[in-house]
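Engineer: Start counting at 1 in the sequence shown, then tack on 13, and there's your number in this note's numbering. Idealized CB from N, CA, C, for every residue including glycine.
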Amino acid sequence: MPTRMPNSRRPKTKGRSDAGFSLLEVVIAATILTIGLLAVASSIGYAMVAGNHGRAITNTKLLVVSVLEQMETLRNTGNLTFGQISNVGQVDNNGAGRNFVGFQTGFQQISTNPGPDGIFGTADDLIDAGPDGVFGNADDFVNPNLAVIGYTREIQITSLSPTLKKIQVTVSYPVNGAMKQLVAIGYLTNSQ
Numbered sequence: 014m015p016t017r018m019p020n021s022r023r024p025k026t027k028g029r030s031d032a033g034f035s036l037l038e039v040v041i042a043a044t045i046l047t048i049g050l051l052a053v054a055s056s057i058g059y060a061m062v063a064g065n066h067g068r069a070i071t072n073t074k075l076l077v078v079s080v081l082e083q084m085e086t087l088r089n090t091g092n093l094t095f096g097q098i099s100n101v102g103q104v105d106n107n108g109a110g111r112n113f114v115g116f117q118t119g120f121q122q123i124s125t126n127p128g129p130d131g132i133f134g135t136a137d138d139l140i141d142a143g144p145d146g147v148f149g150n151a152d153d154f155v156n157p158n159l160a161v162i163g164y165t166r167e168i169q170i171t172s173l174s175p176t177l178k179k180i181q182v183t184v185s186y187p188v189n190g191a192m193k194q195l196v197a198i199g200y201l202t203n204s205q
């Protein structure tokens with residue numbers, strides 16, 4: 014039968030156990046965990062800022078493209094002639110079915126409503142039809158609630174030749190406490 018022999022190579026512990034963690038190990042682990050949690054928290058903050066910036070850029074691009082598409086649609090449908098698609102003071106109403114004043118110059122508030130003329134970017138965009146829902150009578154009023162808060166737009170239309178116009182749309186928009194601008198340029202010809 015085997016006899017049990019004491020292990021003479023193993024040192025004897027004098028009432029002290031090596032099992033568990035020391036206080037120093039716990040402090041180091043807590044420090045590493047805290048740094049990791051702070052890194053995750055800061056990345057969440059950055060993701061929110063980047064998400065807001067991305068959303069603002071997307072909305073601004075839609076506002077810019079809608080103006081450029083509107084110009085082409087007005088020309089294609091005959092709502093405005095090629096000569097009428099101009100800024101205020103440069104409109105040629107000859108041969109047109111209706112009189113058009115032109116697109117506002119300088120930065121203007123962007124409206125969710127095209128106004129009585131049905132065209133975005135003109136002086137009547139903030140006019141509300143009033144309780145009766147009909148434009149052109151005494152209950153019409155300027156409604157500041159129709160404006161897109163914080164966004165302004167400038168439309169510059171330049172005739173490059175008798176058959177070609179350059180349309181530059183600049184939208185100023187708020188993002189993360191600062192104002193930024195997005196500029197787009199389109200060209201409109203006199204042919205459909």
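DSSP has residue 177 in a bridge; who is on the other side?
Structural biologist: 174 and 202
Engineer: I need the boundaries of the alpha helix (DSSP H) containing residue 83, first residue and last residue.
Structural biologist: 36-90
Engineer: Examine the Cβ distances between the stretch 178-189 and the stretch 74-94 and report whether three or more of them are shorter than 8 Å.
Structural biologist: yes
Engineer: DSSP three-state call for residue 143: helix, strand or coil?
Structural biologist: coil
Engineer: Less than 8 Å separating the beta-carbons of residue 104 and residue 115?
Structural biologist: yes
Engineer: Are the beta-carbon atoms belonging to residue 159 and residue 77 less than 8 Å from one another?
Structural biologist: no
Engineer: Measuring CB atoms only, is the stretch 166-176 touching the stretch 116-132, in the sense that at least three cross pairs come out at less than 8 Å?
Structural biologist: yes
Engineer: Anyone know if the C-beta pair for residue 126 and residue 145 falls short of 8 Å?
Structural biologist: no
Engineer: Tell me where the beta strand (DSSP E) around residue 124 begins and ends.
Structural biologist: Annotation for residue 124: the continuous beta strand (DSSP E) segment containing it runs 121-124.
Engineer: Please classify residue 158: does DSSP put it in a helix, a strand, or coil?
Structural biologist: helix
Engineer: Just tell me which of 101, 94 and 55 has its CA closest to the CA of residue 202.
Structural biologist: 94
Engineer: Looking only at its chain, what residues have a beta carbon closer than 7 Å to the beta carbon of residue 62, apart from the 5 residues adjacent to it on each side?
Structural biologist: 189
Engineer: Measuring alpha carbon to alpha carbon, tell me which of 37, 55, 58 and 156 ends up nearest residue 136.
Structural biologist: 156
Engineer: With a Cβ-Cβ cutoff of 8 Å, do residue 149 and residue 129 count as a contact?
Structural biologist: yes
Engineer: Please return the same chain residues whose Cβ sits closer than 8 Å to the Cβ of residue 154, not counting the five positions on each side in sequence.
Structural biologist: 140, 141 and 143
Engineer: State yes or no: is the C-beta of residue 73 within less than 8 Å of the C-beta of residue 186?
Structural biologist: yes
Engineer: State the CB to CB distance for the pair residue 132 and residue 87, rounded to an integer number of angstroms; the pair is presumed to be in contact (CB under 8 Å).
Structural biologist: 7 Å
Engineer: Since I believe residue 112 is in contact with residue 106 (beta carbons under 8 Å), could you give me their beta-carbon distance rounded to a whole number of angstroms?
Structural biologist: 5 Å
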